[in-house]
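*Asks:* Input: one structure, supplied below.
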Amino acid sequence: MGWQKLDRDKTKQVIAKVMDQSNTVLFNPLTSEAECQSLPFYRSMLHYRITNYASLPSFRMEYLGDGDSFFLFDGLADTIYKVNERASLSLKMDSVVPYLRFFLQNVNVEEGEVFLVEDTAKLEFMESLDFAQKEHIEQNFKKPTATYEPTLSAFIINCTLYFMGVLMHTSVRVDMDGVVSILDQTMLMQAGLGLNIHG
Numbered sequence: 555m556g557w558q559k560l561d562r563d564k565t566k567q568v569i570a571k572v573m574d575q576s577n578t579v580l581f582n583p584l585t586s587e588a589e590c591q592s593l594p595f596y597r598s599m600l601h602y603r604i605t606n607y608a609s610l611p612s613f614r615m616e617y618l619g620d621g622d623s624f625f626l627f628d629g630l631a632d633t634i635y636k637v638n639e640r641a642s643l644s645l646k647m648d649s650v651v652p653y654l655r656f657f658l659q660n661v662n663v664e665e666g667e668v669f670l671v672e673d674t675a676k677l678e679f680m681e682s683l684d685f686a687q688k689e690h691i692e693q694n695f696k697k698p699t700a701t702y703e704p705t706l707s708a709f710i711i712n713c714t715l716y717f718m719g720v721l722m723h724t725s726v727r728v729d730m731d732g733v734v735s736i737l738d739q740t741m742l743m744q745a746g747l748g749l750n751i752h753g
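Sequential numbering from 555 applies to the sequence shown in this note's numbering.
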């Protein structure tokens with residue numbers, strides 16, 4: 555569905571709820587814009603983002619909310635796990651990879667950001683590689699594929715992750731509660747050119 559801009563009345567309602575729960579005044583409905591989008595793995599939660607245009611520079615904060623309760627994206631896995639308990643999480647073969655992408659985009663780890671690579675064209679450093687390096691990546695790159703393991707009551711996603719300048723073949727376990735854990739990983743190629751991924 556993509557992002558949908560909320561009308562003025564709905565924006566006021568969302569901002570009022572957010573301010574009530576945070577006890578802070580960050581947004582004025584007259585100078586802020588609120589948007590939301592649905593996520594394929596949540597039945598009762600939407601992804602909200604609120605932008606304050608009154609400040610210089612403008613700033614944006616993102617939340618998960620059901621209209622009454624709102625959870626700020628704070629970079630912690632526990633926050634997403636808490637939402638999963640309330641949001642009627644629904645993981646299926648067609649929604650578990652989007653869930654993993656969402657999880658990695660919104661959870662911080664001490665060592666740095668981790669990205670799910672779904673298209674090598676979105677790796678900026680590819681243009682800096684020689685032909686042999688590009689060919690090596692293209693031949694060994696794996697798009698995310700998910701299988702369900704009944705004995706584990708979990709999905710196993712075989713994928714490529716980009717982490718601290720390194721491309722890794724990785725197996726990721728996602729259980730039915732949305733808990734994510736890395737099972738194993740093998741280095742595909744060390745880019746050594748910084749974390750430059752679009753998307």
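Quick reminder that beta carbons are idealized off the backbone N, C-alpha and C, glycines included.
Only a predicted model underlies this, so the values are computations on that prediction, with no experimental measurement involved.
Reducing DSSP to helix, strand and coil, say where Lys697 ends up.
*Replies:* Note: Lys697 maps to coil in three-state DSSP.
*Asks:* In the DSSP assignment, the alpha helix (DSSP H) including Val572 goes from what residue to what residue?
*Replies:* Residues Arg562 to Ser576.
*Asks:* Measure the C-alpha to C-alpha separation of Asp738 and Leu654 and round it to an integer number of angstroms.
*Replies:* Asp738 and Leu654: Cα-Cα distance of roughly 16 Å.
*Asks:* So for Leu658, helix, strand or coil by DSSP?
*Replies:* Helix.
*Asks:* Under 8 Å between the Cβ atoms of Asp580 and Asn606?
*Replies:* With the sequence shown as reference, residue 580 is identified as Leu, and Asp is not the correct amino acid for it. It is a contact, given that the beta carbons lie within the stated cut-off.
*Asks:* Decide yes or no for the touch test of the segment 621-638 against the segment 715-724: beta carbon pairs closer than 8 Å, at least 3 of them.
*Replies:* The answer is no - the segment 715-724 does not touch the segment 621-638, with fewer than three Cβ pairs under 8 Å.
*Asks:* Can you name the residues that DSSP bridges to Gly619?
*Replies:* DSSP output for Gly619 lists Leu600 and Phe624 as bridge partner(s).
*Asks:* So Tyr602 packs on Val568, CB below 8 Å; how close in whole Å?
*Replies:* Contact holds; Cβ gap of about 6 Å.
*Asks:* Which same chain residues end up closer than 7 Å to Asn662 when comparing Cβ atoms and leaving out the 5 residues on each side of it in sequence?
*Replies:* The answer, listed in chain order, is Gly629.
*Asks:* Taking one C-beta from the segment 696-709 and one from the segment 723-734 each time, how about it: are there three or more such pairs within less than 8 Å?
*Replies:* Taking 8 Å as the limit for Cβ pairs, the verdict is that the segment 723-734 does touch the segment 696-709.
*Asks:* Looking at the ligand ZN, does it come within less than 7 Å of Asn694, judged from the CB to the closest heavy atom?
*Replies:* The ligand ZN is absent from the structure shown, which contains no ligands of any kind.
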